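Everything on this sheet refers to the single structure shown next.
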Amino acid sequence: MGRIIIRALRLTDADDIYELMHMPNVLWGTSLLPSTSMETWKQILESWIHDEHMQVFIAEVQGKVVGVVTLLSGEGRTKHVGEVTVAVHDKYQGQGIGKMLMLTAIDLADNWLNLQRLEMDIYTDNEPAVRLAKSFDFEVEGQRRQCSFRSGTYIDSYFMARLRVPLQESYAEKLTQGSSEAK
């Protein structure tokens, strides 16, 4: 695998995002439908780019988008809360890309957006995603029973959250270390 670059989303990423979000493992771990069209994805990306509450970063390897993280910050009385989602291309899973994307989102939340609480909604059988979230101090706060329908059956999800606490080593420092290790 080549060098991993984390950068902001661009509209020109639409083709790669469409491919990424239609990977079998990505579809399995999300509530997306396999029938979501390219045109719909272009509209979604455009809305993300123009939404001041949505931050989107991608992981790129050799010019190809292989991962994406979204951070949606709240408004009004929930402006201290952010919702995080992560997706990594099937062929690049288990190689630290999800970790780098999470580090990016958490650094942004902690050091730029002043978010106190981050939330994730993860299917209970998506063990790699649950492990990743727990490695960043997310805790299971509850279980949503039969919240989604996949492959002919209802499935549960964990509602997970992380409260910001002072750390000895900032996530920004971990991100810097992670990018030098990934080379």
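Taking UniProt numbering, I'd label the letters of the sequence shown as residues 1 to 183. From the three backbone atoms N, C-alpha and C, an ideal C-beta is built for every residue, glycine too. Treat the numbers as computed from the prediction; the structure is a model and nothing was measured.
Here Val165 carries a coil assignment [DSSP, helix/strand/coil]. When DSSP assignments are scanned along the segment 120-170, the uninterrupted stretches of beta strand (DSSP E) that are 3 or more residues long and fall wholly within it turn out to be 139-150, 153-163. Note on Glu39: under 16 other CB atoms within 10 angstroms of its CB, so exposed under the neighbour-count rule. With respect to the 8 Å criterion, Ile122 and Ala59 are not classified as neighbours on the basis of their beta carbons.
For Gly98, the secondary structure class from DSSP, reduced to helix, strand or coil, is helix.
Of the candidates Cys147, Met100, Gly82, the residue whose Cα lies closest to the Cα of Val88 is Met100. Nearest in C-alpha terms to Met54, of all of Thr85, Gln146, Asp13, Thr70, is Thr70. Classified as buried, Ala161 has 16 or more neighbouring CB atoms from the shown chains inside 10 Å of its CB. Shown here, Thr70 sits in a strand according to DSSP, grouped into three states.
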